[in-house]
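S.K.: Position in the sequence shown counted from 1, then plus 4, gives you my numbering.
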Amino acid sequence: MPETEVALELLKREGISPQMIYVTTSPEAFQEWSDLKLPYQWIIAYETQIADIDAVKEKVRPTLEILLRDCVVMLDCTSATKPATIAYYELAQEYYIPLLYVYEPKKQLKWLISKDAILKRFKEQRSLY
């Protein structure tokens, strides 16, 4: 079962059922995932982009900003490269987005940035003013 499918199953157990799923992947990996159908959308990034933190951010940012207009967004860095994971973390921090990681051997969902942590940041920032 692909990592994304494991993450979706674990999210459903927590009462979260995403309506749209975007996967950032290389053209080569996309070929392996080609049997996955809707609700998947694809952001294709070349190996050189996936290996560069800023390139990943710039590749993902336009789609992310469009989604944030009308959707609640979560980022999943489970199967990402280290640079992509760092890029997702930085985007999650910048846009106040929950970030998750699935530890597949134990089928555990770990919130690297939880909605509670985001709410706490909002409250702390409000108290500064």
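Using N, Cα and C, we set each Cβ at its ideal position, and we do this for glycine too.
What three-state label does DSSP hand Thr8 in the structure shown?
M.R.: helix
S.K.: Would you call Lys63 buried or exposed, if buried means 16 or more other Cβ atoms sit within 10 Å of its Cβ?
M.R.: buried
S.K.: DSSP on Lys114, reduced to helix/strand/coil?
M.R.: Lys114: strand per DSSP, three-state reduction.
S.K.: Which stretch, first to last residue, makes up the alpha helix (DSSP H) that contains Val27?
M.R.: Segment 25 to 29 is the beta strand (DSSP E) holding Val27; no alpha helix (DSSP H) there.
S.K.: Are Leu103 and Leu14 touching if we call contact CB-CB under 8 Å?
M.R.: no
S.K.: Are there 16 or more other CB atoms within 10 angstroms of the CB of Ile4, so buried, or fewer, so exposed?
M.R.: Because the chain spans 5 through 133 in this model, residue 4 falls outside it and cannot be assessed.
S.K.: Alpha carbon to alpha carbon, how far is Ala88 from Ala96? Give it in angstroms, no decimals.
M.R.: Going by the C-alpha atoms only, they are around 12 Å apart.
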